Amino acid sequence: MKPARPPLSLATAAVAGAVFLLLPLISLLDRTPWQSLPRLLTSTSALTALRLSIECSLGALALSLAVGVPLAWLLARVDFRGKSLLRAAVTLPLVLPPVVGGVALLLAFGRHGVVPLSLSFTTWGAILAEAFVALPFLVLAVEGALLAVDERYDDVAATLGSSTTRTFFRVTMPLVLPALAAGSALAWARALGEFGATITFAGNLPGSTQTLPLDVYLTLQNDPEAAIALSTLLLALSLLVLVAMRSRWRLTR
Amino acid sequence: MRRTLAIALVGVLAAACSSGSRRPGEANAKPHTITVFAAASLANAFTDEASAYEKQTRVHVRFSFAGSQDLVAQLNEGAPADAVATADTATLGKLTIRLAGTPAVFARNRLVIVTAKGNPKHITGAADLSRRGLVVVLAAPSVPAGRYATAALQAAHVTVHPKSLEDNVRGVLTKVGLGEADAGIVYVTDADSAGTKVATIALPTSPIATYPAVAVDAIGQSFVDFLTSSTGQAILARYGFLRPE
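Heads up: the protein sequence lines correspond to chains A and B, in order.
Everything in the first sequence is counted per this note's numbering, starting at 1 for the first residue and increasing by one.
Everything in the second sequence is counted per this note's numbering, starting at 1 for the first residue and increasing by one.
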């Protein structure tokens, strides 16, 4: 039963919380130079950063899907030693400061890294940095869904002669499709906003590693108006993801 | 209506935040800590300046080190500082806040090429930086060190395709020190601070960098004065900075 009226103290704190979250965003919209927005957002540097950001975030999403879905499946369906350790490791990038992730990536995949792929200062480096922070969102969403789905569907498919791989793609995956979509959207949005790991590992070069968040950070130092315009664009893209997820969520209910 | 509401909320929050906390702009209470915003290339020398200043005045100095352009942007957005020191006069000129004094040049600096320890790529001068396959990292053009580096390369008639434009000069030093980049252009004082971790090659076409400092309030002025005092100058000289003209 719902209380007729929420206690004043709780309501006040809740309103303060909402204001705290919304005020910065409202301020951003308030300071956005709407008149010059089209000009600011179609400048060569903004378009270059936008194109690169979309390429890198989609690349990071593809990478996350390719390794994240099997990882989620492994965590949800297979019993092995050290599983809780692996789950902790997968969750770590969620709480790790991204710049620490960037340093770690540098030591792993840099020129003198453990795996010296020389990915620092390359677009692949930017994709890798984004995937590093985005992957947990996908894995956790898909793993949660897999745990919630009845395993007997898989068993039935097996008794009907379906191979394990075929079952995975034709039975298991369709069942967790909504979670896969939600996880993908979150992972993509996280990749799009990635800053710390990217600037640390991939550096900052327009057209090659300077994604939108890096562009915002550096532009703010010279041209605050343009930086605010770019920030508004990123805010709009993030909102778009949330709205898209909401309609997906409604569809599945 | 909504806008009014938002503005009202901002007002309430601002009032709540500003009452009670000490703002560096207020000169009434005797401060025990001052805040100085300083260019990244000053980090080592200024840490020493602070302890000497503290000994003399019993006032503690805390620093925010970053690229000069970053500091100026923060100050223009209302970041609290008592004094600011940048790596060039042009960047300091972009300050739009009210200042308590006139800018004073307290040091000068030169730029050099740094490479990995032992100079494995055999770089002998600016011309080598255009070599194909060489990973060169510079400071971004918005950073004073980036502007000086660009001027030095232009004067040497060399076109370089850098792999990254770092947001402060220390980033360049780090990438070269880690071996991620083959070469970079930094201040001679940065190269000195890295010791034997990097090799240094002269860059004769380098312009002379000038470091101005300015007080934002009366308290900050005493730190700016300290920098130009003989004690302050001796510390800067120890770190390889040139005296102001």
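Even glycine gets a Cβ: it sits at the ideal position worked out from N, Cα and C.
Since the structure is predicted, the reported quantities are computational estimates derived from the model, not experimental observations.
Euclidean distance between Cα positions of residue i and residue j
{"i": "L106/A", "j": "H112/A", "result": "8 angstroms"}
{"i": "R243/B", "j": "V139/A", "result": "58 angstroms"}
{"i": "A89/A", "j": "G93/B", "result": "48 angstroms"}
{"i": "S229/B", "j": "L203/B", "result": "30 angstroms"}
{"i": "E55/A", "j": "R108/B", "result": "43 angstroms"}
{"i": "L94/A", "j": "L85/A", "result": "15 angstroms"}
{"i": "S184/A", "j": "S238/A", "result": "13 angstroms"}
{"i": "G256/B", "j": "N168/B", "result": "The structure shown does not extend to residue 256/B, since chain B spans only 1 to 245, so no value can be given for it."}
{"i": "P70/A", "j": "P178/A", "result": "17 angstroms"}
{"i": "L138/B", "j": "Y53/B", "result": "33 angstroms"}
{"i": "F168/A", "j": "R81/A", "result": "23 angstroms"}
{"i": "I235/B", "j": "Y211/B", "result": "15 angstroms"}
{"i": "S163/A", "j": "T172/A", "result": "12 angstroms"}
{"i": "R87/A", "j": "V133/A", "result": "15 angstroms"}
{"i": "V158/B", "j": "T231/B", "result": "40 angstroms"}
{"i": "A90/B", "j": "A38/B", "result": "15 angstroms"}
{"i": "F152/A", "j": "T165/A", "result": "In the sequence as presented, Phe is not what sits at residue 152/A; that position holds Arg. Those two C-alpha atoms are separated by around 16 angstroms."}
{"i": "V142/A", "j": "L175/A", "result": "10 angstroms"}
{"i": "K175/B", "j": "A181/B", "result": "6 angstroms"}
{"i": "V198/B", "j": "G125/B", "result": "15 angstroms"}
{"i": "A13/A", "j": "A4/A", "result": "18 angstroms"}
{"i": "T196/B", "j": "S142/B", "result": "29 angstroms"}
{"i": "K55/B", "j": "F223/B", "result": "13 angstroms"}
{"i": "A256/B", "j": "F63/B", "result": "Because residue 256/B is not part of the residues shown, which for chain B are 1 to 245, the question remains open."}
Any chain A beta carbon closer than 9 angstroms to residue i
{"i": "E245/B", "result": "no"}
{"i": "A149/B", "result": "no"}
{"i": "K197/B", "result": "no"}
{"i": "V135/B", "result": "yes"}
{"i": "G67/B", "result": "yes"}
{"i": "K175/B", "result": "yes"}
{"i": "E77/B", "result": "yes"}
{"i": "S142/B", "result": "yes"}
{"i": "V72/B", "result": "yes"}
{"i": "K121/B", "result": "no"}
{"i": "D167/B", "result": "yes"}
{"i": "S21/B", "result": "Because S21/B carries a pLDDT of 41, less than 50, the predicted location of this residue cannot be relied on, and the following value inherits that uncertainty. Taking Cβ atoms only, chain A never reaches closer than 9 angstroms to S21/B, which makes this a no."}
{"i": "S250/B", "result": "Not covered by the structure: residue 250/B. The range shown for chain B is 1 to 245."}
{"i": "A181/B", "result": "yes"}
{"i": "P162/B", "result": "yes"}
Contact with chain B by residue i, beta-carbon distance below 9 angstroms
{"i": "Q221/A", "result": "yes"}
{"i": "G102/A", "result": "no"}
{"i": "A268/A", "result": "Coverage of chain A is limited to positions 1 through 253, which leaves residue 268/A absent and any answer about it impossible."}
{"i": "G110/A", "result": "yes"}
{"i": "L218/A", "result": "yes"}
{"i": "G193/A", "result": "no"}
{"i": "A14/A", "result": "no"}
{"i": "A202/A", "result": "yes"}
{"i": "T209/A", "result": "yes"}
{"i": "I54/A", "result": "no"}
{"i": "L74/A", "result": "no"}
{"i": "S45/A", "result": "no"}
Short CB-CB distance (under 9 angstroms) between residue i and chain D
{"i": "L178/B", "result": "Although the question refers to chain D, the structure presented lacks it and instead comprises the protein chains A and B."}
CA nearest to the CA of residue i, picked from the options
{"i": "S120/A", "options": "S208/A, A236/A and I228/A", "result": "S208/A"}
{"i": "S53/A", "options": "T200/A, V243/A, A229/A and R190/A", "result": "R190/A"}
{"i": "A62/A", "options": "S36/A, A131/A and A49/A", "result": "A131/A"}
{"i": "T91/A", "options": "F80/A, L75/A and R81/A", "result": "L75/A"}
{"i": "I185/B", "options": "T196/B, G171/B and L178/B", "result": "G171/B"}
{"i": "L134/B", "options": "A116/B, R147/B and T150/B", "result": "A116/B"}
{"i": "S41/B", "options": "Y187/B, T33/B, G195/B and I97/B", "result": "Y187/B"}
{"i": "L65/A", "options": "A244/A, L192/A, L242/A and L180/A", "result": "L180/A"}
{"i": "A148/A", "options": "A18/A, V243/A, F195/A and R77/A", "result": "R77/A"}
{"i": "T48/A", "options": "V241/A, Q210/A and L240/A", "result": "Q210/A"}
{"i": "L227/B", "options": "K121/B, H32/B, F63/B and F46/B", "result": "F46/B"}
{"i": "I127/A", "options": "P213/A, R31/A, A202/A and P33/A", "result": "A202/A"}
Beta-ladder partner(s) of residue i, from DSSP
{"i": "T35/B", "result": "R62/B"}
{"i": "L40/A", "result": "Paired residues: none, contrary to the question."}
{"i": "G184/B", "result": "V114/B and V137/B"}
{"i": "V198/B", "result": "A116/B"}
{"i": "L165/B", "result": "L138/B"}
{"i": "P212/B", "result": "V105/B"}
{"i": "L242/B", "result": "R108/B"}
{"i": "V84/B", "result": "F37/B and V214/B"}
Residue i Cβ short of 8 angstroms to the ligand ZN heavy atom set
{"i": "L107/A", "result": "For the ligand ZN, the structure offers nothing, since it holds no ligand at all."}
At least 3 beta-carbon pairs within less than 8 angstroms: the region 112-126 of chain A vs the region 93-103 of chain A: no
Stretch pair the region 18-26 of chain A + the region 212-230 of chain A: three plus CB contacts closer than 8 angstroms: no
Touching by the beta-carbon criterion (3+ pairs, under 8 angstroms), the region 68-88 of chain B and the region 209-222 of chain B: yes
The region 110-129 of chain B contacting the region 62-76 of chain B, beta-carbon criterion three pairs below 8 angstroms: no
The region 35-50 of chain A / the region 223-235 of chain A touching (three or more Cβ pairs under 8 angstroms): yes
At least three beta-carbon pairs within less than 8 angstroms, the region 145-153 of chain B to the region 96-113 of chain B: yes
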